[in-house]
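In this note's numbering, the protein residues as written are 532 to 1080.
All C-beta atoms in this analysis are idealised placements derived from N, C-alpha and C, irrespective of residue type, glycine included.
Every value quoted in this text rests on a predicted model; they were computed, and no experiment measured them.
And the structure:
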């Protein structure tokens, strides 16, 4: 009989082993090993072989929860009807199998008979993933393996007065037994293997470096030496805990770090280096692009030849440096060395703390709190003159608009080469003209309180001023027949100039009238003098005549 069985075994083997090929799920393997269907590779486990004790055998309550301790390596669970079965209606029963050092569970459904509308759900925990859910007349037995260190079982029956015979569940905790396996050896050339002892996966042309637990290395000469590390590509090294390397000659030595691209290095914890020849050595730092360096903790360097060495700093663009704490440098050859400084543009320097440099060829010149902005009209660097100072250079001038329409009538201009603001006064932009009574203006000005003063917030020894009060100015000139002019807290410089011109014109009219009066008086005076001379002459002649007589 044994010989007959052996013959049939050889015959079956001959069908499966075709030309030294091994087929699983196929009788015509075309490769050394060919599998048709899914593959599952697991590490060996161990479980108790003893039956549950009386203390480890429990019946679900009608309502509420029972608990299996973490020291229970096995257990049996009955429906609320107990070993005799026949559970009741309207039940909501729960069992909690506490977590232990096990890596999984073997659950055997010994008996199962649920009526329609009743259900049994097995989850990882009370809030965890559902592993299996049965109901609606389910009566299948069998064995299941669950990858969980704890289980939560919930049984419910409805109120239709129809119940099943119940169920019996047997569970065993599964413990890792991979330490009994030998180390993988005999590796040479292109190789693929899964090390069930360490959980490491390797594929490609491997090196002899240490293999981290649960690590992955795929490609050519890659190293994943730390636990849960991943190395992909060519010559990559993932030596940091939970680190990832991808590409060519990349290194991720920091815990939880990532290096991608070519010749990138992620040294800091939680750091990321991507691109070509980038280095992220700061904690939680990021370097991307080419030849970028993020050495400050929580810093980021992006672009080409950028450096972010300050804590929380950011350098982007080309050849930019953010060396100050929380500093930002963007553009080309910009430097932000002051704490919380910002440099943007071309050859800009924000060297003062909390300073800003924008445009091109400008520097805050180590002045804290200064703001400088420049155009591209020169290669001479414009420096900040003082702390907390604003400077700007625009060879084409400045125009500030005060409305969304951005029209000249609602703007002011500092023209190229100018030293004072100008406002639009083109007659073509104006309407609703009204002539002013200059004499009336003069009378109002005569009643205004004029003198010197200082603002309450300013030093009276250094910051005194001359001029009227806005309230007086508005009361005198704030209305015409068309509408309102200004307000009672400020004085518009254009309106101030307009009032001054009207007053000057009125004075000119006064002066012209007075000048005419003076001319007339001079003429009259001359005529009177001539009459007086004539009278004197006549009197003299009469006198002489009288003397002769």
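With residue 885 and residue 912 assumed to form a contact (beta carbons below 8 Å), what rounded beta-carbon distance in angstroms separates them?
Incorrect: roughly 20 Å between the Cβ atoms, too far for contact.
Using CA coordinates, which residue listed in 940, 714 and 1030 is at the minimum distance from residue 975?
For residue 975, the nearest C-alpha among the options comes from 1030.
Going by DSSP, what residue range makes up the alpha helix (DSSP H) through residue 635?
Where residue 635 is concerned, there is no enclosing alpha helix (DSSP H), although the beta strand (DSSP E) it sits in stretches over 635-644.
With 16 other CB atoms within 10 Å as the buried threshold, where does residue 1070 fall?
By the neighbour-count rule (16 or more Cβ atoms within 10 Å), residue 1070 is not buried but exposed.
Excluding the 5 residues preceding and the 5 following residue 605 in the sequence, name in chain order all residues of the same chain whose CB lies nearer than 8 Å to its CB.
Only 578, 579, 581, 582, 583, 587, 701, 702, 703 and 704 meet the Cβ criterion.
Straight-line gap, residue 1023 to residue 954 (C-alpha atoms, nearest Å)
CA-CA distance, residue 1023 to residue 954, rounds to 11 Å.
Bridge partner(s) assigned by DSSP for residue 1010
Within the DSSP secondary-structure output, residue 1010 pairs in a beta bridge with 1015.
What residue range does the alpha helix (DSSP H) around residue 978 cover?
Residue 978 -> alpha helix (DSSP H) spans 969-978.
For residue 895, which option in 697, 869 and 908 has the closest C-alpha, if you only look at C-alpha atoms?
When the alpha-carbon of residue 895 is set against those of 697, 869 and 908, the nearest one is in 869.
Considering only DSSP beta bridges, list what residue 904 is partnered with.
As computed with DSSP, residue 904 is found in a beta bridge with 889 and 923.
Among 934, 917, 944 and 1012, which has the Cα closest to the Cα of residue 963?
Of the residues 934, 917, 944 and 1012, the one whose Cα lies closest to the Cα of residue 963 is 1012.
For residue 845, the residue or residues it bridges with in DSSP
According to DSSP, residue 845 bridges with 831 and 859.
Please return the same chain residues whose Cβ sits closer than 6 Å to the Cβ of residue 651, not counting the five positions on each side in sequence.
Once the five neighbours on either side are set aside, the close Cβ partners of residue 651 are 665 and 686.
Where does residue 896 sit, in a helix, a strand or coil, going by DSSP?
Secondary structure at residue 896: coil, using DSSP grouped into helix, strand and coil.
Which of helix, strand or coil DSSP assigns to residue 699:
In the three-state reduction of the DSSP assignment, residue 699 falls in the strand class.
Considering only residues of the same chain and omitting the five flanking positions on each side of residue 568, which have a CB-CB separation below 8 Å?
Result list for residue 568: 555 and 556, in chain order.
Exposed or buried, which one is residue 632 when buried takes at least 16 other CB atoms within 10 Å?
Exposed is the call here.
Leaving out five residues on either side along the sequence, give the residues of the same chain with a beta carbon under 6 Å from the beta carbon of residue 902.
If you ignore the 5 residues before and after residue 902, its C-beta comes within less than 6 Å of the C-beta of 887 and 921, all in its own chain and listed in chain order.
Does residue 747 pass the burial test, meaning 16 or more other C-beta atoms within 10 Å, or should it be called exposed?
In the assembly as shown, residue 747 is a buried residue. Its beta-carbon has 16 or more other beta-carbons within 10 Å.
Which residues does DSSP pair with residue 736 in a beta bridge?
Answer by DSSP bridge pairing, in chain order: 721 and 751.
Can you look up residue 791 in the DSSP assignment and give me helix, strand or coil?
Residue state, collapsed to three classes: strand.
Which runs of the beta strand (DSSP E), 3 residues or longer, sit entirely within the segment 931-964?
Listed in chain order, the beta strand (DSSP E) elements of length 3 or more contained wholly in the segment 931-964 are 942-945.
Alpha carbon to alpha carbon, how far is residue 671 from residue 712?
Looking at the two C-alpha atoms, the distance is approximately 35 Å.
Let me know the secondary structure DSSP gives residue 1022 once reduced to three states.
It is coil, neither helix nor strand.
Where does residue 623 sit, in a helix, a strand or coil, going by DSSP?
If DSSP states are grouped into helix, strand and coil, residue 623 belongs with the strands.
In three-state terms, what does DSSP make of residue 915?
Residue 915 carries a coil assignment under DSSP once its states are collapsed to helix, strand and coil.
How would you write the range of the beta strand (DSSP E) that residue 683 sits in, first residue to last?
Element bounds for residue 683: 682-687.
Could you check how far apart the C-beta atoms of residue 707 and residue 574 are, in whole angstroms? I think they sit under 8 Å.
About 6 Å separates the two Cβ atoms, so the contact holds.
Any idea if residue 663 is buried or exposed, counting beta-carbon neighbours within 10 angstroms, 16 or more meaning buried?
Only exposed fits residue 663, as fewer than 16 other CB atoms lie within 10 angstroms of its CB.
Close beta carbons around residue 1075, own chain, < 6 Å, minus the five adjacent residues each side
For residue 1075, there are no CB contacts under 6 Å within the same chain when 5 residues up- and downstream are skipped.
Using the C-alpha atoms, what's the distance from residue 851 back to residue 635?
Straight-line Cα distance between these residues: approximately 53 Å.
Between the alpha carbons of residue 1040 and residue 923, how many angstroms are there, rounded?
Here the alpha carbon of residue 1040 sits roughly 44 Å from the alpha carbon of residue 923.
So, residue 629 versus residue 610, is the Cβ gap smaller than 8 Å?
Between residue 629 and residue 610, the gap from beta carbon to beta carbon reaches 8 Å or more.
Given this structure, state the Cα-to-Cα distance separating residue 741 from residue 758, to the nearest angstrom.
In this model, residue 741 and residue 758 are separated by some 10 Å (Cα to Cα).
Leaving out the 5 sequence neighbours to the left and right, which residues in its chain are closer than 7 Å to residue 880 when beta-carbon positions are compared?
Hits under 7 Å: 866, 874, 888, 894 and 895.
Apart from the five residues on each side of it in sequence, which residues of its chain come closer than 8 Å, Cβ to Cβ, to residue 533?
For residue 533, the pLDDT reaches just 39, beneath the cut-off of 50, and the residue's location in the model is therefore unreliable, although a value from the coordinates is still provided. Here the set comprises nothing.
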